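Protein chains in written order, with this note's numbering: chain A, 55 to 361; chain B, 5 to 176.
Positions of the beta carbon are idealized from the N, C-alpha and C atoms, including for glycine.
Model, not experiment: these values are computed from the prediction.
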């Protein structure tokens, strides 16, 4: 192959193989730094400045005809439909108003009881509405981008939910956007509690948009189809008591040590456009000292050996 | 298939830098449309295809450096790891440059079979990086390189037509 190009009249720079080696090494280095040390976020932010508007433009170009069609058909909506919908909404509102009254009564009662028990009041979490701008185009991930970023004081680690339950958490913040990892992302873990029994467990994303897995639960564990799972708040990321998922299928095969439990998320993980970012992360007390921990584990071991 | 599409023998307009940049830009924008679900799996990688077209037809203009840059842009847009797309596009561009004479020997209708292995290698590089950094591999992902290979024919005919000289502005 070299013989055919023995006369070089023009300087073409280094050969293709040399360039390939250079760029492969460069990208491997970038991969290593990005995967291991997360030092490249600032570069990513700078590069994202021109790219994200373009992405948003591409999304808008495709969604705009649909939006226009919606507006157009909404304009042509018949009066009958509107009247029916109005009636429905009014009925719903009265129902909600009744519930709201009850809620107020319960809240006051609850706060009184809490004062009685001298328990620190659980703060209401201030929240922020955000709209999904686009869904990530990576087949391996379940992530979305919303239109609030560091300009609206969004911080990585904040919790995202909709009106029915937990949706995910903020994992990366750009100046005008932030990336949200959904709870259905592969191997994304949420510590939960079974509402009926108070059993604590961890629910994992399966990578499938409509499924969550409850792993490592013994076959004999007390879980039934239809059980509701809420966050336990033990990890310090998710505040306690947010609805997460519902058990839809349990397989107890004695051949395996663990039961296979499938759940479906309660929130519209793949349906919503408006999401809430909860801004108040609750502070946890510091972890105890190392020495205390080791002595505890020692005492546990002792206890175990006694048994 | 018309013989002349396959080769650069015919008198084509010199591919000017703006035209190349524009095609690459349009390809990236096509990649950034809101694809979802199965469509995302079947979506051909437009940027990789256009890059490969230029690497095989103008190997001295478009090289591995530009492929790397485009890959970095794609990485930022898809928030994949830095260098993941860049690595796979660099490998693809190298394959295109190495085999550009061979690929142009074939007729356009036979080229997809020549292009498919290159695309498969670049997809495999992407997937293996994902796998090595602790992710999982879904086999659906490789559907994309099949559809990309199928899109090769219309894409190269289109680009070749756009580079042709014409006296009458309405002539194809």
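Under the three-pair Cβ rule at 8 angstroms, the segment 141-153 of chain B counts as touching the segment 37-48 of chain B. Inter-segment contact for the segment 186-197 of chain A and the segment 224-238 of chain A is present: three or more beta-carbon pairs are separated by less than 8 angstroms. The beta-carbon distance between residue 96(B) and residue 71(B), rounded to whole angstroms, is 7 angstroms. This is short enough to meet the 8 angstroms contact definition. Residue 61(B) and residue 116(B) have their C-alpha atoms spaced approximately 15 angstroms apart.
With respect to chain A, the C-beta atom of residue 91(B) has a partner C-beta closer than 8 angstroms.
Contact annotation: the segment 99-108 of chain B does not touch the segment 94-102 of chain A, with fewer than three C-beta pairs closer than 8 angstroms.
Below 8 angstroms, too few C-beta pairs join the segment 131-143 of chain A and the segment 266-276 of chain A to call them touching: fewer than three.
The beta-carbon of residue 109(B) is placed no less than 8 angstroms from the nearest beta-carbon of chain A. In the DSSP assignment, residue 223(A) falls within the beta strand (DSSP E) that extends over 220-227. For residue 24(B), no Cβ of chain A is located within less than 8 angstroms of the residue's own Cβ. Across the set 106(A), 311(A) and 213(A), the C-alpha of 213(A) shows the shortest separation from the C-alpha of residue 333(A). Taken in chain order, the complete beta strand (DSSP E) segments of 3 or more residues contained in the segment 248-304 of chain A are 254-259, 266-272 and 282-285.
Among the bridge pairs identified by DSSP, residue 317(A) is matched with 266(A) and 301(A). Per DSSP, residue 129(A) is not a residue of any beta strand (DSSP E); the alpha helix (DSSP H) it occupies stretches across 95-129. Neighbourhood of residue 188(A) in chain B, by CB distance below 7 angstroms: 38, in chain order. Against chain B, a Cβ distance below 8 angstroms from residue 78(A) picks out 91, 94 and 95.
The three-state reading of DSSP puts residue 202(A) in coil, since its state is none of H, G, I, E or B. Residue 101(B) sits away from residue 72(A), with the two beta carbons spaced by 8 angstroms or more. For residue 312(A), the pairing in a beta bridge is given by DSSP as 272(A).
When beta bridges are read from the DSSP output, residue 95(B) appears opposite no residue. Shortest Cα-Cα distance from residue 248(A) to any of 109(A), 223(A), 208(A) and 296(A) involves 296(A).
According to DSSP, residue 232(A) shares a beta bridge with 200(A) and 227(A).
Taken atom to atom, the span from the alpha-carbon of residue 305(A) to that of residue 329(A) is near 33 angstroms. By the Cβ neighbour-count rule, residue 202(A) is buried, with 16 or more other Cβ atoms within 10 Å of its own.
When DSSP states are grouped into helix, strand and coil, residue 164(B) belongs to the helix group. Less than 8 angstroms separates the beta-carbon of residue 87(B) from that of residue 84(A).
Taking a 10 Å sphere around the C-beta of residue 342(A), we find fewer than 16 other C-beta atoms and assign the residue as exposed. Restricted to the segment 87-141 of chain B, the alpha helix (DSSP H) segments that are unbroken, complete and at least 4 residues in length are 88-102, 104-109 and 115-136, listed in chain order.
With respect to residue 259(A), residue 281(A) sits apart: the two C-beta atoms are not nearer than 8 angstroms. For the segment 190-205 of chain A, the residues whose beta carbon sits under 9 angstroms from a beta carbon of chain B are, in order, 190, 191, 192, 193, 194, 195, 197 and 199. When C-beta distances to chain A are compared with 7 angstroms, the residues of the segment 131-145 of chain B below that value are 133, 134, 137, 139, 140, 142, 144 and 145, in chain order.
Ranked by Cα distance from residue 331(A), the options 221(A), 322(A), 167(A) and 253(A) are led by 221(A).
Residue 73(A) has a beta carbon lying within less than 8 angstroms of a beta carbon in chain B.
Counted as a single uninterrupted DSSP element, the alpha helix (DSSP H) harbouring residue 57(B) occupies residues 50-61. Annotation for residue 46(B): the continuous alpha helix (DSSP H) segment containing it runs 41-46.
The three-state reading of DSSP puts residue 85(B) in coil, since its state is none of H, G, I, E or B.
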